[in-house]
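Numbering (this note's numbering), first residue to last: 374 to 519.
Here a beta-carbon is modelled for each residue, glycine too, at the ideal position from N, C-alpha and C.
Put into C-alpha cells, the structure is as follows:
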C-alpha cells in the first residue's frame, strides 16, 4: 500500500514567539503549503497553474482547527488525508506533529472548485477526480482520519 503524504516544513525563527513556540496563525500557512505540495506531487499542478492555466479557482469554504500541543523549533510534519471527495468540493484533513511525533494540531480544510470566469462551482475535473478518490481510499484505509 502507498504511504500517506507527509509534508515536512522547517520552522523558521520568524514563525515563533520569543520562547520558540510557533505562532498559532502560522498553522494555517503550514496547512496551505502542505495542500499545495500534495497537489504538485499527486495532481502535477500547483495553485498558481490551477488558476492561471486551468482557470480553476479553489476558494476555501470552511476551515476548522484544533490545537493539541505546542509546536517549537525543528520541523513540522503534516500528514495530509482526504476525508471527502464531493461533486465540486474536497475536504483535506491535516495532522500537524512535531519531529518527535507529538500531536500539535488537527485541521479540516474544505474547498470548492470554481470556474474563474463565472465564479460558479464546477465538477472536479476528470483528470483530478480518480487521483483524489484513490487518495481518499488510502486515507480511509490508514485509520488516521479523525
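{"Item": "Contacting residues, own chain, Cβ-Cβ under 6 Å from residue 491 (five flanking each side not counted)", "Value": "none"}
{"Item": "Pick from 395, 378, 398 and 399 that is closest to residue 416, judged by C-alpha positions", "Value": "378"}
{"Item": "Straight-line gap, residue 390 to residue 500 (C-alpha atoms, nearest Å)", "Value": "43 Å"}
{"Item": "Cβ pair residue 458, residue 497 closer than 8 Å", "Value": "yes"}
{"Item": "Reduced DSSP category for residue 432 - H, G, I as helix; E, B as strand; rest coil", "Value": "coil"}
{"Item": "Length of the line joining the Cα atoms of residue 386 and residue 469", "Value": "18 Å"}
{"Item": "Three-way DSSP call (helix, strand, coil) for residue 457 in this model", "Value": "strand"}
{"Item": "Below-8 Å beta-carbon distance, residue 468 vs any chain D residue", "Value": "No chain D is part of this structure, which consists of one protein chain only."}
{"Item": "Per-residue burial, residue 395 [other beta carbons within 10 Å of its own, 16 or more giving buried]", "Value": "buried"}
{"Item": "Of the listed residues 454, 506, 489 and 474, nearest to residue 408 (C-alpha basis)", "Value": "454"}
{"Item": "Minimum C-alpha distance to residue 511 - residue among 424, 452 and 493", "Value": "452"}
{"Item": "Beta-carbon proximity check, residue 478 vs residue 515, cutoff 8 Å", "Value": "no"}
{"Item": "Where residue 519 falls, given that 16 or more other Cβ within 10 Å makes a residue buried", "Value": "exposed"}
{"Item": "Beta strand (DSSP E) segment containing residue 467, residue limits", "Value": "462-470"}
{"Item": "Contact set for residue 442: own chain, Cβ-Cβ below 7 Å, skip 5 residues either direction", "Value": "475, 476 and 477"}
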